[in-house]
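Count the sequence shown with this note's numbering and you get residues 1 to 160, in order.
Input: a single structure, listed below in structure tokens.
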Amino acid sequence: MTMPHHALEITLTRPLTAAELRHAAQAWPLAANHNATRLMALVGAKTPERAAYRLRQRLTTRLPIDVITTHYTDAHGRVLLNVAFPPAAYAHLKREARRVGLTPKRFLREALHRDLAEHADREADRLDHAVRQLLAGTTPAHLLSAVGHALTRPLGEPTP
């Protein structure tokens, strides 16, 4: 049986120098984005959790790792987050989780879901306000036409 491989993305706390990237790539094959703040790695492991753990163990002394995530969502549309908290932050997380009767993992998951939902609500409100502002000066048909036109042009292409 072959071992499944998992595409993982490493978000760094700061950009890497060329020497740091070469040093890290000696421990694990890595692909960097244009400014070396995010890296990609392919890791063989039975589960994404095990792959992230393995990668963190191998690279934590070589890289300023902020978070490791799965690059692709799972069957439920979720992304795995692998975060290593400083001891004081983890102790605080454990206390808060215990206070509400949850495990630290569950407490963090619920807090993230709540914050992401609040962000989505704020973004929907912002877009609604922007559309209403645009409609104050034009018709819905003209606005829809302009949006369609804008969406068919590549990003960054100058407006004629």
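Ideal placement from N, C-alpha and C gives every residue a C-beta, glycine not left out.
- Restricting attention to A150, L8, A19, P15, the CA atom closest to the CA of T47 is found in L8.
- With fewer than 16 other CB atoms across the displayed protein chains lying within 10 angstroms of its CB, L112 is exposed.
- For D66, the three-state secondary structure derived from DSSP is strand.
- Your pair V43 and H6 checks out as a contact, with CB atoms roughly 5 Å apart and the cut at 8 Å.
- In terms of Cα proximity to L108, the closest of T37, A120, R95 is R95.
- The C-beta separation of R56 from N82 comes to about 6 Å, placing the pair in contact by the 8 Å criterion.
- In chain order, E9, V79, L81 place their CB closer than 6 Å to the CB of T69, counting only its own chain and leaving out the 5 sequence neighbours on each side.
- Your pair L63 and L12 checks out as a contact, with CB atoms roughly 6 Å apart and the cut at 8 Å.
- Annotated three-state conformation of R38 is strand, per DSSP.
- The beta carbon of L135 lies closer than 7 Å to those of L143 in the same chain, with the five residues before and after it left out.
- Residues R62 of the same chain have their beta carbon placed closer than 8 Å to that of H23, with the five preceding and five following residues left out of the count.
- Its Cα nearest to that of N33, the residue R14 stands out among A45, H119, E49, R14.
- Contact check for R54 against A27 fails: the beta carbons are separated by 8 Å or more.
- Scanning the stretch 80-135 for uninterrupted beta strand (DSSP E) segments of 3 residues or longer gives 81-83, listed from N- to C-terminal end.
- A check of alpha carbon separations from L30 across A41, L102, A89, R132 identifies A41 as the nearest.
- Around the beta-carbon of L151, fewer than 16 other beta-carbon atoms lie within 10 Å, marking it exposed.
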